[in-house]
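A.B. asks:
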Amino acid sequence: MRFDILTLFPGMFSSPLRESILGKAIEKGLIQIQTVNIRDFALDKHQVVDDTPYGGGQGMVMKVEPIARSIEWVKSQDPSVWTIYLTPQGKQFNQEIALTLSSKSHLILLCGRYEGVDERVRELFIDEEISIGDYVLTGGELGAMVLIDAVSRLLPGVLGSDRSAEEDSFFNSLLEYPQYTRPFDFRGSSVPEVLLSGNHSAISLWRRKEALKRTLARRPDLLAKANLSNEEKKLLEEILHSNDDCGLRNADDEQILKKIRRTQTDKGEDGV
Ligand code: 4HQ
């Protein structure tokens, strides 16, 4: 899979995407990450890429021509490339979007600076607008890195063979269970005995129950959407009937709890 990042700050991408797992994926030829400096596509002597907004107002707007020319330059190499603009106005990025994008062969990631891009960039060149969350960044570059990271790890061969992306919590809508490694005892806090038992079915049961407890406590919204197996529903009922309230205290959470009970019953025997 190939990523072309259109940015005024290509230097930002040199290290973060070349370390560790993504670095190996590049070495193996599984992903290709290229930066394109938008300034190189400004035709005037001073290579101006921004200008004051029509109608007045604060800040600067990125000019349409240098962006148009850089997108067209990438498109001339591959007309089927999918063009994304990172902006708080886009669809909020999540695992499902990452999965959809991972089936594309080539993405352009346009990173805006200042007050953003001239509206005609959107109108004429952008296939999809994506936000990485409801907060304001100084530019789209960190958003592009988040997207590349989340998409790349879904590609075959990028993660080690011992760990597949489908095992990840967000694929079954549950948060991860607690993990431990040595030492057994750290300052009086020890590892749950079941993990040392060697009883694999007991370990698996404990992990599923802990994942459910944690999701109920921290992200009940995820549970309401989850497709739980009959065994998981049974575990969830055990948790709900125990004295441990999993941190669900306020009225909002009570509402969600009711909804979880309802959805999980409505789904019927197979949880579908
Ligand atoms: N920005 N998700 C403003 C973001 C952002 C986000 C990128 C700041 C675009 C013009 N990008 N520039 N949130 O805050 O993707």
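Its first residue numbered 2, the sequence shown is counted upward by one per residue in this note's numbering. Glycine is no exception: its CB is placed at the ideal position from the N, C-alpha and C atoms.
Going by DSSP, name the residue or residues bridged to V37.
C.D. replies: Locating residue 37 in the sequence shown gives position 36, where the first residue counts as 1. Answer is L7.
A.B. asks: In terms of residues, what are the limits of the beta strand (DSSP E) holding S132?
C.D. replies: For the purposes of this step, residue 132 is taken as residue 131 along the sequence shown, with counting starting at 1. Residues 129-132.
A.B. asks: Can you name, in chain order, every residue of its own chain whose Cβ lies under 6 Å from the Cβ of G158, other than the five neighbours on each side?
C.D. replies: In the sequence shown, counting from the first residue as 1, residue 158 sits at position 157. The answer, listed in chain order, is L31.
A.B. asks: Beta strand (DSSP E) containing A32: first to last residue?
C.D. replies: Position 31 of the sequence shown, counting from 1, holds the residue named residue 32. Before going on, a small fix: residue 32 reads as Ile here, not Ala. Element bounds for I32: n/a, residue is neither H nor E.
A.B. asks: Between S153, T88, R209, W207, which has its C-alpha nearest I34's C-alpha?
C.D. replies: Here residue 34 corresponds to residue number 33 of the sequence shown, with the count starting at 1. Out of S153, T88, R209, W207, S153 has the C-alpha closest to the C-alpha of I34.
A.B. asks: Any heavy atom of the ligand 4HQ closer than 7 Å to the beta-carbon of L87?
C.D. replies: Taking the sequence shown and counting its residues from 1, one reaches residue 87 at position 86. Checking every heavy atom of the ligand 4HQ against the Cβ of L87, one is found closer than 7 Å.
A.B. asks: Just how far apart, CA to CA, sit G199 and E177?
C.D. replies: Here residue 199 is taken as the residue at index 198 of the sequence shown, counted from 1. Here residue 177 is taken as the residue at index 176 of the sequence shown, counted from 1. So the alpha carbons of these two residues sit roughly 20 Å apart.
A.B. asks: Buried or exposed: F14, going by 16 or more other Cβ atoms within 10 Å of its Cβ?
C.D. replies: As a first step, residue 14 must be located in the sequence shown, where it is residue number 13. Buried: at least 16 other Cβ atoms inside 10 Å.
A.B. asks: Does the ligand 4HQ have even one heavy atom less than 7 Å from the beta-carbon of G134?
C.D. replies: Counting from 1 along the sequence shown, the entry for residue 134 is found at position 133. Indeed, a heavy atom of the ligand 4HQ lies less than 7 Å from the Cβ.
A.B. asks: Touching or not, the segment 36-46 and the segment 77-89, by the rule of three or more beta carbon pairs under 8 Å?
C.D. replies: no
A.B. asks: Mark F126 as exposed unless 16 or more other C-beta atoms lie within 10 angstroms of its C-beta, in which case mark it buried.
C.D. replies: Working through the sequence shown from its first residue, we reach residue 126 at position 125. Buried, since its Cβ has 16 or more Cβ neighbours within 10 Å.
A.B. asks: Looking at the structure shown, is E239 part of a helix, part of a strand, or coil, going by DSSP?
C.D. replies: Counting from 1 along the sequence shown, the entry for residue 239 is found at position 238. Helix, per DSSP.
A.B. asks: Taking the C-alpha atoms as reference points, what is the distance between V65 and L44?
C.D. replies: As a first step, residue 65 must be located in the sequence shown, where it is residue number 64. As a first step, residue 44 must be located in the sequence shown, where it is residue number 43. Rounded to whole angstroms, V65 to L44 spans 12 Å at the Cα level.
A.B. asks: Measure how close the beta-carbons of L111 and I68 come, nearest whole angstrom, since I'm counting them as under 8 Å.
C.D. replies: On the sequence shown, position 110 is the one that residue 111 refers to. On the sequence shown, position 67 is the one that residue 68 refers to. Confirmed, about 7 Å.
A.B. asks: Is L138 near the ligand 4HQ, with its Cβ less than 7 Å from a heavy atom?
C.D. replies: As a first step, residue 138 is located in the sequence shown; it is residue number 137 there, counting from the start. Result yes, Cβ under 7 Å from the ligand 4HQ.
A.B. asks: Is R70 near the ligand 4HQ, with its Cβ less than 7 Å from a heavy atom?
C.D. replies: Stepping through the sequence shown from its first residue, residue 70 is reached at position 69. Flag unset: Cβ of R70 not near the ligand 4HQ.
A.B. asks: Could you check if S71 is buried or exposed, using at least 16 other CB atoms within 10 Å of its CB as the buried criterion?
C.D. replies: Indexing the sequence shown from 1 puts residue 71 at position 70. So S71 ends up on the buried side.
A.B. asks: What are the boundary residues of the alpha helix (DSSP H) that includes G144?
C.D. replies: The residue you call residue 144 lines up with position 143 of the sequence shown. First-last of the alpha helix (DSSP H) with G144: 142-153.
A.B. asks: Using 7 Å as the cut-off, classify the Cβ of R263 as near or not near the heavy atoms of the ligand MN, replying yes or no.
C.D. replies: You won't find the ligand MN in this model; what it holds is the ligand 4HQ.
A.B. asks: Tell me whether K105 sits in a helix, a strand or coil according to DSSP, three-state version.
C.D. replies: The residue you call residue 105 lines up with position 104 of the sequence shown. Of the three classes helix, strand and coil, the one that applies to K105 here is coil, per DSSP.
A.B. asks: Nearest to L206 by alpha carbon, out of S191, T182, K234?
C.D. replies: In the sequence shown, counting from the first residue as 1, residue 206 sits at position 205. That would be K234, whose Cα lies nearest to the Cα of L206.
A.B. asks: Mind checking whether M63 and G113 have CB atoms under 8 Å apart?
C.D. replies: Taking the sequence shown and counting its residues from 1, the one referred to as residue 63 is at position 62. Taking the sequence shown and counting its residues from 1, the one referred to as residue 113 is at position 112. Cβ atoms of M63 and G113: closer than 8 Å.
A.B. asks: Give me, in chain order, the residues of the same chain whose beta-carbon lies closer than 8 Å to that of G60; leave out the 5 immediate sequence neighbours on both sides.
C.D. replies: Reading the sequence shown from its first residue, position 59 is the one you call residue 60. Excluding residues within five positions, the ones whose Cβ falls inside 8 Å are P54, Y115, E116.
A.B. asks: Determine the DSSP secondary structure at M63, reduced to helix, strand or coil.
C.D. replies: Start at 1 with the first residue of the sequence shown, and residue 63 comes out as number 62. Here M63 sits in strand by DSSP.
A.B. asks: Under 8 Å between the Cβ atoms of L229 and T216?
C.D. replies: Taking the first residue of the sequence shown as position 1, residue 229 is located at position 228. Taking the first residue of the sequence shown as position 1, residue 216 is located at position 215. One thing to note: L229 has its Cβ no nearer than 8 Å to the Cβ of T216.
A.B. asks: Between the Cα of K226 and those of G58, S16, R262, spot the shortest distance and give me the residue it belongs to.
C.D. replies: Taking the first residue of the sequence shown as position 1, residue 226 is located at position 225. Of the listed residues, the one whose Cα sits closest to K226 is R262.
A.B. asks: So is A203 buried or exposed if we call it buried at 16+ other beta carbons inside 10 Å?
C.D. replies: On the sequence shown, position 202 is the one that residue 203 refers to. When all chains shown are included, A203 counts as exposed.
A.B. asks: Use the C-beta contact count for T8: other C-beta atoms within 10 angstroms, 16 or more gives buried, fewer gives exposed.
C.D. replies: Counting from one through the sequence shown, the residue named residue 8 turns up at place 7. Buried, by the Cβ-count rule.
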